[in-house]
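Per the numbering used here, the very first residue in the sequence shown carries number 52; after that it's consecutive.
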Amino acid sequence: MPTSAAVFPHLVLSPLPAYIHPDEDEPQPNLEFLCSSAVQKVTEPLVEQLQEVNRQQEVIIDTLKEQNKTNEVKMAELLQKVDFLYKEGRNRKGKDKEALLLAIQNIKESHTAISEEKMQMELEFKEAAAKQEQQLTDARMALIEEKKISLGLKETVGKQAQELEDARMEKMQMKLEFKEAAAKQEQ
52 MPTSAAVFPH LVLSPLPAYI HPDEDEPQPN LEFLCSSAVQ KVTEPLVEQL QEVNRQQEVI
112 IDTLKEQNKT NEVKMAELLQ KVDFLYKEGR NRKGKDKEAL LLAIQNIKES HTAISEEKMQ
172 MELEFKEAAA KQEQQLTDAR MALIEEKKIS LGLKETVGKQ AQELEDARME KMQMKLEFKE
232 AAAKQEQ
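See the structure below:
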């Protein structure tokens, strides 16, 4: 088992001067002085620590009181807000339901309008596509007619060119015959 000095080293006293009684030759230790000195050495730091702990506890208690007051004020404000929101919610419940039904109705109407608009756009697109197809067909037919006319013109021009060539050849033939006839007459 450890000794008291090992467990409490701060309690070990330093040697004090011995008290010498005037009637005695050997010094006698002053036990009263030793005890009071030992008690004082032990208790003074403990008293200081206890006072410091008490000051810290007072600061903590004051801080907790302030926090408690702040929390009470916040709690009162929250309760007022909750009460207000509850009352407001009860008043608005019917209004919210009406607003929700109105919103649903608006969504349905918008959906219907969008569907009708989509159908109208599809119809217009189909009509425009059919019109373009007809215009394309008409353009093809016109191109075919132009080709026919062009071929007819080419044939006509070819015939006219042939007729012109034939007429020129005939004229040359006539000139030649005229020259031959003139030459025969001169002879």
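Even glycine gets a Cβ: it sits at the ideal position worked out from N, Cα and C.
Can you look up residue i in the DSSP assignment and give me helix, strand or coil?
i: Q238; result: coil
i: V63; result: Model confidence at V63 stands at a pLDDT of 49, short of 50, so the residue's coordinates are unreliable; what they give is reported in the following sentence. Looking at V63 - three-state DSSP - the assignment turns out to be coil, as it is neither helix nor strand.
Please report the distance separating the alpha-carbon of residue i from that of residue j.
i: E173; j: R191; result: 26 Å
i: A150; j: E160; result: 15 Å
i: A89; j: Q118; result: 44 Å
i: A179; j: Q185; result: 10 Å
i: D113; j: R106; result: 11 Å
i: Q239; j: T121; result: Shown here, the chain extends from 52 to 238; a query on residue 239 therefore has no answer.
i: E221; j: A232; result: 16 Å
i: Q100; j: E109; result: 14 Å
i: E128; j: L115; result: 20 Å
i: K198; j: E206; result: 12 Å
Kindly say whether residue i, judged by its beta-carbon, lies nearer than 8 Å to any beta-carbon of chain D.
i: E123; result: No chain D appears in this structure, which consists of one protein chain only.
Ignore the nearest five residues each way along the sequence and tell me which others in residue i's own chain have a CB closer than 7 Å to its CB.
i: S87; result: none
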